[in-house]
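Asker: First residue of the sequence shown: 9, per the working numbering; consecutive thereafter. Ideal placement from N, C-alpha and C gives every residue a C-beta, glycine not left out. None of these values were measured; they are calculated from a predicted model. A single structure is presented below for examination.
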Amino acid sequence: MISSCLLTPEVLEQAYGQGARECLFANEQINLVISQYRQFDLLELERLLTAVGWSRRPMRRVHRALEHTLLNVGLWRHDSQFPRLVGFARCTGDGVLEATVWDVAIHPLYQGGGLGKQLMDYILESLKEMGIERVTLFADPGVVSFYKRQGWTLEPQGHRCAFWYAS
Ligand SMILES: CC(C)(COP(=O)(O)OP(=O)(O)OC[C@H]1O[C@@H](n2cnc3c(N)ncnc32)[C@H](O)[C@@H]1OP(=O)(O)O)[C@@H](O)C(=O)NCCC(=O)NCCS
9 MISSCLLTPE
19 VLEQAYGQGA
29 RECLFANEQI
39 NLVISQYRQF
49 DLLELERLLT
59 AVGWSRRPMR
69 RVHRALEHTL
79 LNVGLWRHDS
89 QFPRLVGFAR
99 CTGDGVLEAT
109 VWDVAIHPLY
119 QGGGLGKQLM
129 DYILESLKEM
139 GIERVTLFAD
149 PGVVSFYKRQ
159 GWTLEPQGHR
169 CAFWYAS
């Protein structure tokens, strides 16, 4: 995999907010940025989640859910005028002890390039900075090993739950 860290820290912070991080991606022509502070266009988010095959949810409820979410993280394909949302994940929780990860999605055109893993790394680092040491998620059956490869512990029967403990 090739690093393409071409954006200056100033551009990153101005367009995507504090702590934004450029991703590693094989296509050097494409700059991808993970950020938890750039605002979401709900229609664009819906398009992304539909693209990965999930059914639509009422937009007003999604809006409220995002407002009540501990951590909303977007993965953006950089463009100086119109960055495009190509990945997303969010975490609910108390912000102190526990968190749960939801809605992890990478647009099909960008899957298989290490972005899902980088998104999860970013989330776990952000939660760790809050002092959170126990993180849970409910994986779709076909995706369990995506999390297992990253060090998540499966619930005993290994069907749908995974737990991650900060070391
Ligand atoms: C699951 C998803 C987020 C993975 O994102 P991605 O960018 O394609 O994943 P990465 O390229 O970072 O993959 C990291 C590793 O996990 C593996 N992996 C990716 N998707 C996998 C899957 N569905 N099952 C098992 N392993 C998977 C990759 O082969 C790679 O392995 P490696 O480190 O040995 O090379 C993405 O495929 C997606 O959005 N899927 C549709 C929505 C979904 O199912 N979300 C999860 C809900 S629980």
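Under a three-way DSSP split, which group does V70 fall into?
Answerer: Helix at V70.
Asker: Out of curiosity, what's the CA-to-CA distance linking F33 and G122?
Answerer: The alpha-carbon atoms of F33 and G122 are separated by roughly 7 Å.
Asker: Could you tell me the alpha carbon to alpha carbon distance between D49 and V81, rounded to whole angstroms?
Answerer: C-alpha separation (whole angstroms): 13 Å.
Asker: Could you check what DSSP says for Y45 in three-state terms: helix, strand or coil?
Answerer: Three-state DSSP puts Y45 in coil, outside helix and strand.
Asker: Between which residues of its own chain and I3 is the CB-CB distance below 6 Å, once the five residues before and five after are set aside?
Answerer: Residue 3 lies beyond the residue range present for the chain, which begins at 9 and ends at 175; the question has no answer from this structure.
Asker: Would you say the beta carbon of K136 is closer than 7 Å to some non-hydrogen atom of ligand 1?
Answerer: The answer is no for K136.
Asker: Under the DSSP definition of a beta bridge, which residues are partnered with E106?
Answerer: E106 pairs with R142.
Asker: What separation, rounded to the nearest whole angstrom, lies between the Cα atoms of L66 and H76?
Answerer: Correcting the residue type first, residue 66 is Pro in the shown sequence and not Leu. Using only the alpha carbons, I get a separation of about 16 Å.
Asker: Just to confirm the assignment, what range does the alpha helix (DSSP H) spanning L57 have?
Answerer: It spans L50 to A59 - the alpha helix (DSSP H) in which L57 sits, taken as one unbroken run.
Asker: Output the distance between the C-alpha atoms of G95 and P164, rounded to the nearest integer angstrom.
Answerer: For G95 and P164, the distance between alpha carbons rounds to 30 Å.
Asker: Considering F96, what are the terminal residues of the beta strand (DSSP E) in which it resides?
Answerer: Counting along the chain, the beta strand (DSSP E) containing F96 begins and ends at R92 to G101.
Asker: For V81, list the residues DSSP reports as bridge partners.
Answerer: Its beta-bridge partners are A97.
Asker: Please classify G150: is it buried, with 16 or more other beta-carbons within 10 angstroms of its beta-carbon, or exposed?
Answerer: Burial call: exposed.
Asker: Is the CB-CB distance between I42 and R55 below 8 Å?
Answerer: No. Outside cutoff.
Asker: For N35, count neighbouring C-beta atoms within 10 Å of its own C-beta (all shown protein chains included) and say buried if the count is 16 or more, exposed if not.
Answerer: Looking at its Cβ environment, which holds fewer than 16 other Cβ atoms inside 10 Å, N35 is exposed.
Asker: Going by beta carbon distance, what residues of the same chain come within less than 6 Å of Y118, once the five residues before and after it are set aside?
Answerer: Cβ neighbours of Y118 beyond the five flanking positions: V94.
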